[in-house]
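Protein chains in written order, with our numbering: chain A, 1 to 231; chain B, 1 to 231.
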DNA sequence: GAGTGGTCTAGACCACAAT
DNA sequence: TTGTGGTCTAGACCACTCC
């Protein structure tokens, strides 16, 4: 199962940008040059570059070339990015620590949210994400086994659960809920909070193939995390 | 300057959906059929349909066809939905109380946000919104006078500031920021908070005609208000 | 004029779904 | 088996920018 050519080209460009090979405002290789390098038709390169331009990672100018777009500082709620990408975009170093990974039985609330029976087996993970060493997110997740059978075998320090789930269970829909909350005991322990510091809680339920696939609770320190966006 | 073929096909499909020719979940003509009808290559049809699928107006399934996607509702964050409409949608009774209305001088932070000089005159309003008698939002707002000259003469118990501003200063753009915060003194006094109850703070800056027009700080009791949405 | 991206063609092979 | 979408080719012409 090789990745399609256009995807390989996208990855090549994204890796180059991440590695600083082309910086903001700099020109990337032209379509004909990429076509030669990857031995594909120009239309295939065009698709790869066009998609990155649609995602505003590149900007194109007819007659002059394709350039790395200025980094956008927007974690739009409508398109929530993995925390690792968000941190990388700010130039920070991301590290994840797995606090728990295993199977649990669904309680009443979870059973209702995931449309399984009470006591059903669910995969469960608990991670802390750090930016430059400081905890920035406590991620607790419950996953319906059928939606991601290999969930428990993953190394979530390398690929975040959110990234893994997107790969194995194409995301059809998601619901979210944002709240200000006093920290839960687990969040207090994991997030290195000041006295009286509240948490920004992002609760998310995802659907894949028409059925509920996972529920996530993302706890963030109120003093060090905010959601931003624009329209 | 004729529109490109792929755009004509997109328009054809959008018009058909708008006219009810194909309803939610129904199949639209296949790529080969559209190619015949428009006398273009299948790749051109593919581009048109793929773009509409990327925009989630259509959904595609290999082997079975292309379907009209279920209409998506906008997240409450993406639109500026006045709190009064939000409450009405839940079946609650909305009442607003004006705590302050007048002119103030811009401090450093506000001057920077609104691109005016320090000490410049700004309109200022402070309101509490109640749902069935319980305070649900403390709304503090600073407005550039040029953007809404009649701001101070309004009766904000009848029309909320947000509704008034949308009328007089067509909204071009907005930035928002969502945070979890301990209550400010004003919020503590106005929102009838429990001990240790945090606030969900929505900070919003609006632009009209290219210039910053207003800044709003919307404080909500963490236990009684959440932002929700889906995609 | 040379190089760039924007669009388009007329095929092709494949994976997948419905039958 | 037939029809669907997913991907790709090897060209082409055009509008535009830069030199």
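We put the CB at the ideal spot given by N, CA and C, even for glycine.
Exposure label - residue i; buried when at least 16 CB within 10 Å
i: residue 10 (chain B); result: buried
i: residue 214 (chain A); result: buried
i: residue 222 (chain A); result: buried
i: residue 3 (chain B); result: exposed
i: residue 73 (chain A); result: At residue 73 (chain A), the pLDDT of 44 sits below 50, so the modelled position is not reliable; the number obtained from the coordinates is stated separately. With fewer than 16 Cβ atoms within 10 Å of its Cβ, residue 73 (chain A) is classed as exposed.
i: residue 147 (chain A); result: buried
i: residue 261 (chain A); result: Residue 261 (chain A) lies beyond the range of chain A shown here (1 to 231); nothing can be said about it.
i: residue 70 (chain A); result: exposed
i: residue 149 (chain B); result: exposed
i: residue 157 (chain B); result: exposed
i: residue 93 (chain B); result: exposed
i: residue 103 (chain A); result: exposed
i: residue 174 (chain B); result: buried
i: residue 190 (chain A); result: buried
i: residue 97 (chain A); result: exposed
i: residue 33 (chain A); result: exposed
i: residue 131 (chain B); result: buried
i: residue 87 (chain B); result: buried
i: residue 1 (chain A); result: Here the model assigns residue 1 (chain A) a pLDDT of 49, short of 50, so the residue's position is not dependable, and the following value carries that caveat. That one is exposed.
i: residue 18 (chain B); result: exposed
Test item: CB-CB of residue i and residue j under 9 Å
i: residue 99 (chain B); j: residue 126 (chain B); result: yes
i: residue 142 (chain B); j: residue 129 (chain B); result: no
i: residue 84 (chain B); j: residue 206 (chain B); result: no
i: residue 51 (chain B); j: residue 226 (chain A); result: no
i: residue 140 (chain B); j: residue 197 (chain B); result: no
i: residue 42 (chain B); j: residue 31 (chain B); result: yes
i: residue 193 (chain A); j: residue 186 (chain A); result: no
i: residue 138 (chain B); j: residue 177 (chain B); result: no
i: residue 165 (chain B); j: residue 101 (chain B); result: no
Close-in-space but distant-in-sequence residues of the same chain around residue i (CB under 8 Å, 5 per side omitted)
i: residue 119 (chain A); result: 105, 106 and 111
i: residue 163 (chain B); result: 82 and 84
i: residue 224 (chain A); result: 134 and 136
i: residue 58 (chain B); result: 13, 28, 49, 52, 66, 67, 68 and 69
i: residue 25 (chain B); result: 67, 68 and 70
i: residue 108 (chain B); result: 118
i: residue 182 (chain B); result: 198 and 199
i: residue 7 (chain A); result: 48
i: residue 37 (chain A); result: 29
i: residue 95 (chain B); result: 129, 130, 133 and 157
Chain-order list of residues whose beta-carbon lies under 7 Å from that of residue i (same chain, five-residue window excluded)
i: residue 22 (chain A); result: 16, 28 and 68
i: residue 212 (chain A); result: 113, 114, 115, 144 and 205
i: residue 220 (chain B); result: 136, 137, 199 and 200
i: residue 64 (chain A); result: none
i: residue 62 (chain A); result: none
Nonlocal neighbours in the same chain, by C-beta distance under 6 Å from residue i, ignoring five residues either side
i: residue 232 (chain B); result: Because chain B is modelled from 1 through 231, residue 232 (chain B) falls outside the range shown and cannot be assessed.
i: residue 155 (chain B); result: none
i: residue 35 (chain B); result: 42 and 45
i: residue 78 (chain B); result: The predicted model places residue 78 (chain B) with a pLDDT of 49, which falls under 50 and marks its position as unreliable; any figure quoted below should be read in that light. There are no such residues.
i: residue 20 (chain A); result: none
i: residue 184 (chain B); result: none
Contact residues within the segment 185-202 of chain B, judged by C-beta distance below 9 Å to chain A:
Listed by position along the chain: 196, 197, 198, 199, 200 and 201.
Can you check the segment 57-142 of chain B for any alpha helix (DSSP H) of at least 4 residues that lies completely inside it and give the ranges in chain order?
Every alpha helix (DSSP H) stretch that sits fully inside the segment 57-142 of chain B and reaches 4 residues is listed by chain position as 83-89 and 108-114.
Every unbroken beta strand (DSSP E) inside the segment 172-205 of chain A [3 residues or more]
Runs found: 173-181.
Looking at chain B, which residues of the segment 211-228 of chain A have a Cβ within less than 9 Å of any of its Cβ atoms?
Residues 220, 221, 222, 223, 225, 226, 227 and 228.
Near-chain A residues of the segment 42-62 of chain B (beta-carbon distance less than 7 Å), N- to C-terminal order
Per Cβ criterion, the list is empty.
Listed in chain order, which residues of the segment 114-139 of chain A have Cβ atoms closer than 7 Å to some Cβ of chain B?
Answer in chain order: no residues at all.
For the segment 1-30 of chain A, list every residue whose C-beta sits within 8 Å of some C-beta in chain B, in sequence order.
Listed by position, the residues of the segment 1-30 of chain A near chain B (Cβ gap below 8 Å) amount to none.
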